[in-house]
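Chains as they are written, first to last, in our numbering: chain A, 180 to 338; chain B, 29 to 442.
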Amino acid sequence: MMRSLSITPAKCTGCLQCEMACSFEKEGVFNPARSRIKVFLFEHEGRNVPYTCTQCADAWCKNACPTEAIQINAVTGAKEVINSLCVGCKVCTIACPFGTVNYSHATGKVIKCDLCGGDPACAKACPTEAITFIDADWTGYQKMRGWAERTDTQSSAQA
Amino acid sequence: MRYAIIGAGPTGVVAAETLRREDAQAEIVVVGGEPEPAYSRMAIPYLLAGQIEEAGTYLRHSPDHFDALGIKCVRDWVKGVDSNTRRLSLHSGETLAFDRLLVASGSHPVKPPVSGLDQPAIHHCWTLQDARDIAHYAAAGSRVVLMGAGFIGSIIMEALARRQVKLTVIEMGDRMVPRMMDQTAGNLIKRWCIAQGVDVRTSTEIRRVVPDPSGASRYLVQTAQGGEIAADLIVVATGVRPNVEFLAGSGIEIRQGVVVDEYLQSSAVGIYAAGDVCEGFDWNTGKHSVHAIQPVAVETGRLAALNMSGCKVRYQGSLGMNVLDSLGLISTSYGLWQGADGGEAAQLLDEANYRYIKLQFDGRRLVGAITLGFTEHVGVLRGLIQSRIDLGDWKARLTRDPSRVMEAYLATIQ
């Protein structure tokens with residue numbers, strides 16, 4: 180059974196442990212600015228929303244890539260950037276309508292969530308279970324896929 | 029069922045793969061004339077910059093990729109299409125029968141009406157062969173004149189600069205990337221490039237290219253403004269046009285490109301078009317236009333293939349979008365970046381730090397955007413535009429601070 184990240188914003192306290200864990204796991208530094216998951220703080224509403232790649236079934240980033248540099252990990256289902264193939268053209272960063280693929284000046288490549296190979300550091304670090312790693316069928320990400328189906332030219336073809 | 033695809037670029041390749049997924053039995057033939065494995069023109073600047081080898085431009089990296097999928101690749105140019113007898117005539121003299129056809133023949137670069145451009149060491153930067161030719165002449169220290177600072181020109185500029193050439197960029201428009209960036213952004217990019225050591229001249233028109241009588245350089249490039257620039261290599265990047273010449277006499281309706289309906293079918297039943305050559309619906313305006321960009325190339329390639337296979341999918345139209353890296357300054361533009369009729373705009377400008385965001389609204393919807401100096405979450409602009417979401421009171425918040433697009437997205441869509 181494929182598993183995916185499930186995010187429940189109501190449980191998020193905005194502690195940013197997920198960003199720290201992600202940046203340390205992926206970049207070797209405790210630096211939220213280099214995290215692939217990002218917590219958006221809505222101070223007026225008192226709401227915090229952790230946000231990262233949904234690993235969409237029919238991935239916009241992967242489809243847009245001109246050099247086959249975004250590939251599906253057969254075990255985790257994650258869409259992963261293959262650094263040796265990425266030329267840094269950034270087309271995926273504008274094609275992803277969720278804004279979850281970013282360009283890194285430091286490496287000249289794009290970066291995105293890869294589910295840490297099947298054991299995501301953000302979920303392990305979250306103290307309030309706002310981020311959990313569960314069976315894909317149960318995730319709130321269906322909502323976002325729903326968005327894609329509503330508006331999008333590519334996902335509508337799956338119907 | 030026999031499917032033929034004209035063109036082995038991203039559109040043709042994605043279409044062939046999609047057809048195979050939909051129909052395990054069909055015969056699928058891709059016809060492309062270039063003597064290379066299927067490759068991505070988009071990757072060429074990175075080859076020129078020395079960041080990748082030629083193989084890094086290939087669209088698919090497994091050498092038996094197409095064989096394994098049972099996709100036949102024919103190396104030939106298409107000379108003509110007979111919509112009635114359903115046959116392609118090829119340059120080699122062969123013909124190829126098809127039941128359904130996808131025209132994915134792409135586009136070609138055009139030369140401006142400037143005398144002296146048909147000489148050696150004057151090249152477009154379009155094919156792998158062009159890249160080899162340019163690499164031959166663009167040694168460190170050589171004088172290079174780049175004609176055109178549009179989207180493609182600007183990407184090539186970055187590659188040439190990395191080769192340590194002495195670079196002059198000539199653009200007729202009054203700013204850099206005039207078809208993707210407004211005055212503010214286009215001029216900021218120009219200022220940035222000049223600060224990086226590239227001689228950028230806008231509002232400048234090239235009159236002719238003549239041999240350098242002194243012999244100190246290969247050519248002198250003469251401008252209408254009276255300037256004379258020495259050049260050992262001239263790279264021409266002054267626009268592209270759809271490859272439709274071979275369709276003359278086919279009866280297929282052509283304006284700028286092959287006119288297609290919402291299913292990407294041309295005026296001839298069973299003949300579809302996708303990618304740079306196709307003139308389909310513009311997502312923003314609903315009018316026909318050619319959007320020669322990578323995301324549209326692969327989206328239309330995939331959807332045309334689905335429709336060809338009998339799985340009817342309506343195409344909602346192409347959204348113009350671009351991302352550009354000009355010597356480290358990254359810019360994007362989306363949709364109606366010039367603004368909608370009767371719409372409103374909001375902007376944030378920090379000239380000293382080369383940061384700029386301009387948002388274009390139509391009512392409470394986002395319809396276009398430009399960013400400069402941002403690399404975080406820029407894709408969400410597409411999400412906000414293409415979901416046609418009513419921003420509600422987030423429109424006012426974005427008007428005060430346009431950088432909060434990600435929050436606006438989460439607050440309105442999630």
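We treat Cβ as the ideally placed atom computed from N, Cα and C, and that holds for glycine.
The way I'd put it, the stretch 183-198 of chain B doesn't touch the stretch 100-115 of chain B; fewer than three beta-carbon pairs between them come closer than 8 angstroms.
The stretch 76-113 of chain B is shown to contain whole alpha helix (DSSP H) runs of 4 or more residues at 93-96, in chain order. When secondary structure is reduced to three states using DSSP, N350(B) falls in the strand class.
Under the three-state reduction of DSSP, H164(B) is assigned to helix. Fewer than three pairs of CB atoms, one per stretch, sit closer than 8 angstroms, so the stretch 278-286 of chain A makes no contact with the stretch 190-199 of chain A. Taking the C-beta atoms as reference points, C301(A) is found no nearer than 7 angstroms to I290(A). Not one beta carbon of chain B lies nearer than 7 angstroms to the beta carbon of P211(A). V237(B) and V142(B) do touch by the CB rule: their CB atoms are close to 7 angstroms apart, below 8 angstroms.
Residue environment for A436(B): buried (at least 16 other C-beta atoms within 10 angstroms of its C-beta).
Within 10 angstroms of the beta-carbon of G396(B) lie 16 or more other beta-carbons, which makes it buried. L355(B) is a Cβ neighbour of A189(B), given a cutoff of 7 angstroms. Annotation: A44(B) to R114(B) spans about 19 angstroms, alpha carbon to alpha carbon. The shortest CA-to-CA distance from Q53(B) to any of A125(B), I99(B), M200(B) and P65(B) is the one to I99(B). Listed in chain order, the alpha helix (DSSP H) runs fully inside the stretch 195-238 of chain B are 211-223, counting runs of at least 4 residues. For E372(B), the enclosing beta strand (DSSP E) stretches over residues E372 to D378.
Taking the CA atoms as reference points, G407(B) sits about 27 angstroms from K303(A).
Residue pairing from DSSP places L184(A) in a beta bridge opposite F312(A).
Nearest in C-alpha terms to Y343(B), of all of A332(B), M336(B), I262(B) and Y31(B), is A332(B). The beta carbons of Q322(B) and P245(A) sit closer together than 7 angstroms. Between the alpha carbons of Q375(B) and N215(B) lies a gap of roughly 16 angstroms.
Residue-level contact check: I180(B) does not touch chain A, since none of the beta carbons of chain A fall below 7 angstroms from its beta carbon. Around G193(A), no beta-carbon contact reaches into chain B at under 8 angstroms, the shortest distance being about 13 angstroms. Contact between the stretch 114-132 of chain B and the stretch 64-81 of chain B is absent: fewer than three C-beta pairs spanning the two stretches fall below 8 angstroms. Inter-residue distance for V266(A) and L75(B) is about 9 angstroms (C-alpha atoms, whole angstroms). Residues of the stretch 242-267 of chain A with a Cβ closer than 8 angstroms to any Cβ of chain B, in chain order: N242, A243, P245, T246, E247, L264, V266 and G267.
Contact annotation: V286(B) and V131(B) have beta-carbon atoms nearer than 7 angstroms. Setting aside the 5 residues that flank it on each side, G298(B) is surrounded in the same chain by R128, each with a C-beta closer than 6 angstroms to its C-beta; the list follows chain order. Looking only at A380(B), S111(B), M200(B) and Q253(B), the smallest Cα-Cα distance to L275(B) is reached by S111(B). If you check the CB distance, G348(B) and H319(B) come in under 7 angstroms.
Interface flag for C275(A) against chain B is set, since a Cβ pair is found closer than 7 angstroms. Nearest neighbour of T313(B) by Cα position, chosen from H119(B), G367(B), G37(B) and E55(B), turns out to be G367(B). Beta-bridge analysis with DSSP links N281(A) to I290(A). The beta carbon of T272(A) sits closer than 7 angstroms to some beta carbon of chain B.
Between the C-alpha atoms of M336(B) and P38(B) there is a straight-line separation of about 17 angstroms. P140(B) is outside the set of residues whose beta carbon lies under 7 angstroms from a beta carbon in chain A.
With contacts defined as CB atoms closer than 7 angstroms, I234(B) and T212(B) fail to qualify as a contacting pair.
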